[in-house]
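Reading through the structure tokens given below for one structure.
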Amino acid sequence: MTARVASTGRRPHRQRYLPMQILLVFLVVYFLIPFWWVIVNSSKSSAGLFGGGNALWFADDINYVENFKDLFTYGGGIYATWLMNSALYAFVGGIGATVLAVLAGYGFAKYRFAGRRLAFAILLGAVMVPTTALVIPTFILFSQVGLTNTIWAVIFPTWLNPFGVYLMHVYARDAVPDELLDAARVDGAGEFRTFLQVALPLMRPAIVTVLLLSIVASWNNYFLPLAMLTDNRLFPVTVGIGLWQSTASTYGAAGGQSLWSIIILGSLVSVIPLIVAFLALQRYWQGGLSMGSLK
Amino acid sequence: MNAASTSAPARQGRFRSPTARQNIFGWLFVAPFGIVFLTMLVLPLGYALYLSAFRKTLIGGTHFVWFGNYTKAFQDPSFVSGVWFVVKFSLVLIPLQMAISLAVALMIDVIVNRVARFSRLMIFMPYAIPAVIGALMWGFLYSKNFGPIADVFGAFGAAGPDFLSSDLIFWGLVNVVTWQWVGYYMIILYAALQGIDPELYEAARIDGASQWQIALRIKIPLLSRALVLILVFALIGTLQFFNEPKILQNLAAGAIPDDFTPNMYAYQQAFSLANYNYGSAISFALGAVVFVCVYAFLFATRKRGSFLS
């Protein structure tokens, strides 16, 4: 009975949902237009860019090679340095934040220590503190101990991820059974060995998600490095491209023209690593992102 | 905490009282994060509060003004109009984002085919783009020099809308942020939909419910928790609006002043004018506004389940 309802209910759906599918395709076009624009226009020379040709189609000459050369040689190859810096901040920042979140989330979920409820309430309050409100006071503190304009000025604040702790807590609470931990303890495993060998493997999906979220957050960060760094060799790619863009805008069409084509290609290149990471890790994040909203 | 308990926690653990073990190891696991929490959150917030109680003047030097900077901020048209702007912006943006992400999530939940899977991935993609680059991309599209808008409208002999003008910049920004975040919210909602037991739909269908009724009466109520979570994130993110207007500022000549949002104003005070005391006060006041708004919202919706429950 139920099987028949399901099967008869399923087949006509294909056609019935056709209008919805067409609507979805239109939405996809909207979401892809900026990518398309960047892909097309990064192939143009500055003449092609300002020549008044079709903004959404290729010009007659495809200039990718030339633009790539310009992008990676401009300013002594500073763009490659920016990309490396972004990767460094994203990995050291993201991995650090994840390790701290895993430890603390597990601690909150599996130990009934004194002060736990109060500490957890403070943690939840901290989720609501906007991170940008911390940038200016952190900058002043760092400047007093000589930390501004170093890589640590960008990395240390990234390690603070209260929401990551919350997610790990939720996940560890539900996915790591107390009986299993007790069994390991009875077998003589210490607390840290129990954590490493029993709990950690069970927490893997949540760990990948928190890691991905932290890496994205620090790769995309702009306000913090903009405030902390003045040496352009330490800039991440977001601040670097922002700098080029303001230079190009200031000098207008006259001096800025040659810069625009590398800004456009630079934007394209800077988004490729994360898009590749997301496509490759689909299996993990699609389920993981809903953590904390289900139970 | 003595050395023996770290070197041989297993053997010691069994003889200790369970409470002592819970206390020691609980705090040991939480401590590394706790240190970062104290140095990167509590300390800066406390310091901001301290700094904000002083004022620096050219003649009088630095002197203590209690809450003077806050009374100044809440009377400062730049700060007040910035707060008003982000509140207005949130009121337009957040319902729009939530409606689109909910509609898309519900659609791809019923259309189970390749089109749905492909759309899900493509609509999510902007989340992986830094806000700076996203704003830049849309800035290009809006621009008269490079953008297609002028071409498209020109073909019909009309002047296109200029989203970088002071009249339309509001909508230009609404569009950028919607584009950036709808996919992420959609994925959260979609994953929550996947967690619903399909037998509920089956039962409703046998009772004669249409797909519309199932969506309205079963799916949306069961998503309330995810919707609250999204709303909180969107609210926290939007009230501290900075990246997109900062980037579009260069392209939109004059449409985005330095005091456009509270965060831009705080940045200008601290880094362009070296007015750290007032900048800290604005940061702290903005943090407090966000905290109070979000807390009030969570408190109002606590029955539906949220962090606080």
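These protein sequences, in sequence, are chains A and B.
Residue numbering for the first sequence follows this note's numbering, starting at -9 and increasing by one per position.
Residue numbering for the second sequence follows this note's numbering, starting at 3 and increasing by one per position.
Here a beta-carbon is modelled for each residue, glycine too, at the ideal position from N, C-alpha and C.
Just so we're clear, the structure is a prediction, and the values are computed from it rather than from any experiment.
For residue 274 of chain B, the number of other beta carbons within 10 angstroms of its own is below 16, and it is reported as exposed. Per DSSP, the unbroken alpha helix (DSSP H) holding residue 180 of chain B starts and ends at 171 to 196. Think of a sphere of 7 Å around the beta carbon of residue 67 of chain B: no beta carbon from chain A falls inside it, the nearest being about 17 Å out. In the DSSP annotation of this structure, the continuous segment of the alpha helix (DSSP H) that includes residue 90 of chain B starts and ends at 79 to 112. It is roughly 16 Å from the alpha-carbon of residue 243 of chain B to the alpha-carbon of residue 281 of chain B. Measuring C-alpha to C-alpha distances from residue 91 of chain B to each of B:155, B:250, B:26, B:175 identifies B:175 as the nearest. Rounded to the nearest angstrom, the Cβ distance from residue 253 of chain A to residue 130 of chain B is 19 Å, too far for a contact under 8 Å. Between the segment 18 to 32 of chain A and the segment 255 to 263 of chain A, the count of C-beta pairs closer than 8 Å reaches three or more; the two stretches touch. DSSP places residue 97 of chain A within a helical segment (H, G or I) once states are collapsed to three. Assignment of residue 58 of chain B by DSSP, reduced to helix, strand and coil, places it in the strand class. Of all C-beta pairs linking the segment 119 to 131 of chain A to the segment 260 to 273 of chain B, three or more are shorter than 8 Å, placing the two stretches in contact. Of the residues assessed, residue 9 of chain A falls on the exposed side of the cut-off, its CB having fewer than 16 other CB atoms within 10 angstroms. Within 8 Å of the CB of residue 74 of chain A, no CB atom of chain B is found; the nearest one sits about 16 Å away. Taking the CA atoms as reference points, residue 204 of chain A sits about 10 Å from residue 211 of chain A.
Distance from the CA atom of residue 118 of chain A to the CA atom of residue 115 of chain B, rounded to whole angstroms, is 38 Å. By the Cβ-count criterion, residue 232 of chain A is buried, with 16 or more other Cβ atoms from all chains shown falling within 10 Å of its own Cβ. When the Cα atoms are used, residue 20 of chain A and residue 250 of chain A turn out to be separated by approximately 24 Å. At the C-beta level, residue 29 of chain B and residue 153 of chain A stay beyond 8 Å of one another. Interface annotation, residue 188 of chain A: not in contact with chain B, CB-CB separation never under 8 Å.
Look at the beta carbons and you see the segment 65 to 82 of chain A touching the segment 215 to 235 of chain A: at least three pairs across the two are nearer than 8 Å. With fewer than 16 neighbouring CB atoms inside 10 Å of its own CB, residue 63 of chain B falls in the exposed class.
Using beta-carbon distances, residue 143 of chain B counts as an interface residue toward chain A, with a partner under 8 Å. Proximity of the segment 142 to 162 of chain A to the segment 93 to 111 of chain A meets the contact definition, three or more beta-carbon pairs being nearer than 8 Å. For residue 43 of chain A, no alpha helix (DSSP H) run applies, since DSSP gives it neither H nor E.
Residue pairing by DSSP places residue 105 of chain A opposite no residue, since no beta bridge is assigned to it. The bridge partners DSSP lists for residue 63 of chain B are B:59. Chain B places a beta carbon closer than 8 Å to that of residue 22 of chain A, counting this residue as a contact. Straight through space, the alpha carbons of residue 109 of chain B and residue 238 of chain A are spaced by roughly 43 Å.
The C-beta of residue 96 of chain A comes closer than 8 Å to at least one C-beta of chain B. Contact annotation for residue 109 of chain A against chain B: 32, 36 [CB-CB distance below 8 Å, chain order]. Looking at the backbone, the Cα of residue 191 of chain B and that of residue 225 of chain B are separated by about 7 Å.
Considering only A:172, A:236, A:71, the residue with the shortest C-alpha distance to residue 101 of chain A is A:172. Going by DSSP, residue 124 of chain B is part of the alpha helix (DSSP H) stretching over 116 to 126. For the segment 280 to 292 of chain B, the set of positions with a beta-carbon nearer than 7 Å to some beta-carbon of chain A reads 281, 282, 285, 286, 288, 289, 292 in chain order.
Contact note: residue 71 of chain B does not reach chain A at a C-beta cutoff of 8 Å; the least C-beta distance is about 13 Å. Counting only the Cα atoms, residue 22 of chain B lies some 13 Å from residue 181 of chain A.
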